[in-house]
Each structure stands twice: as structure tokens, then as C-alpha cells.
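In the numbering used here, the protein residues as written are 694 to 839.
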């Protein structure tokens, strides 16, 4: 019985990927927070976010098709202890292919009402710690008409 349990565990391990989170602060052109709906267990409805690894472009995760523990746009903070901030949060461990340091992750954010998009990419750094871009906000749509 013990040998069977060990064999089953060994067979299931290759499908497990190492968790790692990417967090990116989002702002509008004027530096203010984008308006996002605070919905329980849902990503902000105003935006659609898609992400994929360059090495596996056919595996796309999206706020439209994946749960919030995989990919989300949300507001964090309470404006008392921490300022309210809108962020992207992506769990790299939920990609089927194991991420590697040096992998390039592509992201495209679409503002649903305007149809405007913002694309960007990051190179996955060494280590397994949080990939945090809170001091380097990303300017996202909707953009002002010029």
C-alpha cells in the first residue's frame, strides 16, 4: 500500500509547477488609479487581461477564462494603513509549462469600454520570490483623446 502511494505521488509530481507571483501597479495618464469594480471573487470587470510565455504562446491565461487566483486586476489597500492601489496579479505557477528564469511573459490589457489596449512584457528574474513592480507604475487605458 505504501509503495502504491509513493508511486502515485511520483507520477503526479511532474505536473506540479513552482508558484511565483508577478505584481504590477497600474495608473492612468494623470497618475490616478483606474476605476475598477470591486467584485467578490472576480477580476475588475472594466478590463480584460491576457498573459502568455514567449516559449509557449499557445497557452494564454486570461481574466475572462481563469479564476482570480491565476490572473486578476484588483484594487488593494484601505487608504488608512496602505494607499489604495490598482494592480495586476499573475500566478506564474498556474501556467502548465514550468516557468524558468529568463522566460519572457507577454501581457495585453484591454479597457473594455474604449477598446484601447496596453501591451508589455517582463523577463522572469532569477529566484522564486515575488516579482514586484509597485514603484514603477504602468500607464494603462483609457487614454485621453489628443
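Even for Gly, the Cβ is constructed at its ideal location relative to N, Cα and C.
| DSSP bridge partner residues for residue 728 (one or two, in chain order) | DSSP, once it has assigned bridges, lists no residue as partnering residue 728.
| said: To test your reading of the DSSP string, which unbroken beta strand (DSSP E) runs of 3 or more residues are found completely within the segment 776-823? | reply: 778-784, 797-804, 810-816
| query | So, helix, strand or coil for residue 703, using DSSP? | reply | With a pLDDT of 43 at residue 703, under the threshold of 50, the modelled position of this residue cannot be trusted; read the value that follows with caution. Helix at residue 703.
| message | Using a 10 Å radius around the Cβ and a threshold of 16 neighbouring Cβ atoms, would you call residue 744 buried or exposed? | response | buried
| field | Exposure label - residue 825; buried when at least 16 CB within 10 Å | value | exposed
| said: Quick check: the Cα distance between residue 837 and residue 728, rounded to an integer number of angstroms? | reply: 15 Å
| field | Residue nearest to residue 715 in terms of C-alpha spacing, selected from 822, 834, 831, 833 | value | 822
| What are the residues that DSSP puts in a beta bridge with residue 765? | 782
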